[in-house]
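Shown next, in structure tokens, is the structure this report addresses.
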Amino acid sequence: MLAAVGSRAVGLVEGFGDVGYFLADTVRALPDVRTWGSRTFQQMRRLGVDSLPIALFIAAFTGITLALLASYVFTATVPVYLVGTLVGKTIMMELGPVLTGLALAGRVGANIAAELGTMKVTEQVDALETLAYNPYAYLVIPRVLAGTLMFPVVVAFAMAMGVFTGWLAATTLLPIATSQFVRGLELFFVPFDVQYGLIKSASFGFVITLIGCFLGMGTRGGAEGVGSATTRTVVYSAEMILVLDAFWAIVLLRHP
Amino acid sequence: MIAFVDLHKAFEANRVLEGFTLEVRDGETMVIIGYSGTGKSVALKHVVGLLEPDAGHVTVDGKVVSELRRPELTELRATIGYVFQFAALFDSMTIFENVALGLRRRRDLTEAEITERVREALRLVDLPRAEEHMPAELSGGMRKRVGLARAIALRPKYMLYDEPTTGLDPVTSAVIDQLMVRTREALGVTSIMITHDMRSAYTVGDRIAMLYQGKVQQVGTVEEIKGTEDPVVRQFIEGRPDGRAVVRASLGDAGRAAELEGGEP
């Protein structure tokens, strides 16, 4: 029993050590702008632009559901224009970033882990090194940077889509006029709502791509190792999104 | 000159190299032979700093590889061409881009010069029309030739071949052997090839060293190895299942040794 606990503790410490080395290697590769500069734009397209359809799809249905849910909850004395408030606040501050983040943990995180894991086990990462490239500059930095920069952009579009479909549902499926929905939307709106959602999104993008790169680059074995790295990336990314979600709420939403 | 000096390397409890010492002279092709999984690739990866030794060291032109900082290591790697066992081509790039990748790292080459160097390298391995193909469209032998082209396009001082003929049919193996000889003649490089294909070793090598139980069992010219009295080397080069050699896996099943029938521990 004691031995098992000790072994797990050692494993945990080693895991943190590996993350530390990985981060240090990544930071050390930062001066190699020539390698990661141009590749970052490619990754921004792959990670960002190509993720838009799934993000917009999720946001579209979330907006519709939120509008109907709000109308269902707000009965009697609660003014109907608060449907707009709830849709706006929830999409911008919570569901836009978190649902998009969870979807992209699967799409982007798994993709990175599988790609880098395959490159690792087929010696392509070693080949990069022998061709005098730093694999952290070539593979890791462009992905992490692209994820951090592009996730807020994708989430911004998702926010707009969610609010739009919320308005569409409210005005077509519910007895709410556009003016009422807009009034509710504007009522408690502050620009910070959007900033809050985008800051969270950037942190999700950073963490998802970092986990994908870390586990992908650390892949051992063959197909089984790649599969394991991919699965763990999705699980750890989803967990980290929820942890970060709470973290940002504690840091930025707690009133003094 | 490349020198392995008392090199030790273990993966957890599995000791792979235990005092591996070997000198590779300028201009020669050294072939390292040995059973599958005895650490030949492990030794080779130390030359380019892909692995760090537990003890001992590897020197290239007098520089201790494991003591080099990354910029110096990058500089050293630019002088070494490495041909991987399964070619390690980049799946997402065309053959042209695969061969050009190492050249793009250099600042002194224009795009036109890079194109010329890539075409020259592909011509040397008899694949002049493969430029626009993807690696997945090529056979195993063609992929290995592209791996070779990628290495020689850099016009390196040293070439390292990791089992270049493994898994190929005899004719394609002979073609690869010819290409390695042609590369040495064209570029005058110092080479290390690791293999367990004795025909390839005799064709390409100037000297042959056998790696056995983490050390060099014997090193000598092709003729010396062919006429060896060492029972372990003799058994290996003749491919006899019975003899004195104890075969053990360097990766997987750590420490497990299987004694071949008729052998002694």
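Protein chains in written order, with the numbering used here: chain A, 40 to 295; chain B, 3 to 267.
Backbone N, C-alpha and C fix where the C-beta goes; we use that ideal spot for every residue, glycine too.
Interface flag, residue i vs chain A, CB-CB below 8 Å
i: residue 52 (chain B); result: yes
i: residue 13 (chain B); result: no
i: residue 103 (chain B); result: yes
i: residue 84 (chain B); result: yes
i: residue 76 (chain B); result: yes
i: residue 254 (chain B); result: Unreliable placement is indicated for residue 254 (chain B), whose pLDDT of 39 sits below 50; no coordinate value is reported for it.
8 Å Cβ cutoff, residue i in contact with chain B
i: residue 81 (chain A); result: no
i: residue 53 (chain A); result: no
i: residue 89 (chain A); result: no
i: residue 57 (chain A); result: no
i: residue 263 (chain A); result: no
i: residue 232 (chain A); result: no
Proximal residues to residue i (C-beta, below 7 Å), its chain only, five neighbours per side dropped
i: residue 269 (chain B); result: In the structure as shown, chain B begins at 3 and stops at 267. Residue 269 (chain B) is therefore absent and cannot be evaluated.
i: residue 127 (chain A); result: 202, 224, 228
i: residue 164 (chain B); result: 43, 46, 85, 86, 87, 196
i: residue 31 (chain B); result: 186, 193, 195, 206, 207, 208
i: residue 141 (chain A); result: 277, 280
i: residue 215 (chain A); result: 119, 122, 209
i: residue 18 (chain B); result: 11, 12, 41, 44, 216, 252
i: residue 203 (chain B); result: 33, 35, 197, 210
i: residue 188 (chain A); result: 83
Within chain A, partners of residue i - CB distance below 8 Å
i: residue 4 (chain B); result: The premise fails here: residue 4 (chain B) is roughly 15 Å from chain A at the closest Cβ pair, so nothing lies under 8 Å.
i: residue 79 (chain B); result: 168, 169, 170, 171
i: residue 72 (chain B); result: 67, 173
Beta-carbon neighbours of residue i, restricted to chain B and to distances below 9 Å
i: residue 60 (chain A); result: Going along chain B, no residue has its Cβ under 9 Å from residue 60 (chain A), so there is no contact; the nearest lies around 13 Å.
Residues that DSSP places opposite residue i in a beta bridge
i: residue 193 (chain B); result: B:31, B:161
i: residue 16 (chain B); result: B:13
i: residue 217 (chain B); result: B:214
i: residue 59 (chain B); result: B:7
i: residue 83 (chain B); result: B:161
i: residue 222 (chain B); result: B:210
i: residue 25 (chain B); result: B:5
i: residue 66 (chain B); result: B:61
Contacts of residue i in chain B (Cβ-Cβ under 7 Å)
i: residue 172 (chain A); result: 107
i: residue 161 (chain A); result: 88, 90
Cβ shell of residue i (< 8 Å), same chain only, five flanking positions each side left out
i: residue 192 (chain A); result: 87
i: residue 130 (chain B); result: 121, 124
i: residue 92 (chain B); result: 99, 100, 103, 137
i: residue 68 (chain B); result: 48, 51, 54, 55, 59, 60
i: residue 266 (chain A); result: none
i: residue 261 (chain A); result: 160
i: residue 70 (chain B); result: 51, 78
i: residue 155 (chain B); result: 101, 102, 104, 105, 119, 120, 122, 123
Beta-carbon contacts of residue i that lie in its chain and below 6 Å, excluding the five residues immediately before and after
i: residue 66 (chain B); result: 59
i: residue 25 (chain B); result: 5
i: residue 210 (chain A); result: 217
i: residue 220 (chain A); result: 123, 206, 209
i: residue 200 (chain A); result: 95, 98, 99
i: residue 78 (chain A); result: 181
Chain B contact residues for residue i, given Cβ-Cβ distances below 8 Å
i: residue 284 (chain A); result: The contacting residues do not exist; residue 284 (chain A) stays about 34 Å from chain B at best.
Pair within 8 Å by beta-carbon distance, residue i and residue j
i: residue 190 (chain A); j: residue 244 (chain A); result: yes
i: residue 178 (chain B); j: residue 189 (chain B); result: no
i: residue 127 (chain B); j: residue 150 (chain B); result: yes
i: residue 61 (chain B); j: residue 160 (chain B); result: no
i: residue 36 (chain B); j: residue 182 (chain B); result: no
i: residue 93 (chain A); j: residue 205 (chain A); result: no
i: residue 119 (chain B); j: residue 172 (chain A); result: no
i: residue 177 (chain A); j: residue 65 (chain A); result: no
i: residue 248 (chain A); j: residue 137 (chain A); result: no
i: residue 132 (chain B); j: residue 140 (chain B); result: yes
i: residue 139 (chain A); j: residue 194 (chain A); result: yes
i: residue 239 (chain A); j: residue 165 (chain A); result: no
i: residue 162 (chain A); j: residue 255 (chain A); result: no
i: residue 272 (chain A); j: residue 257 (chain A); result: no
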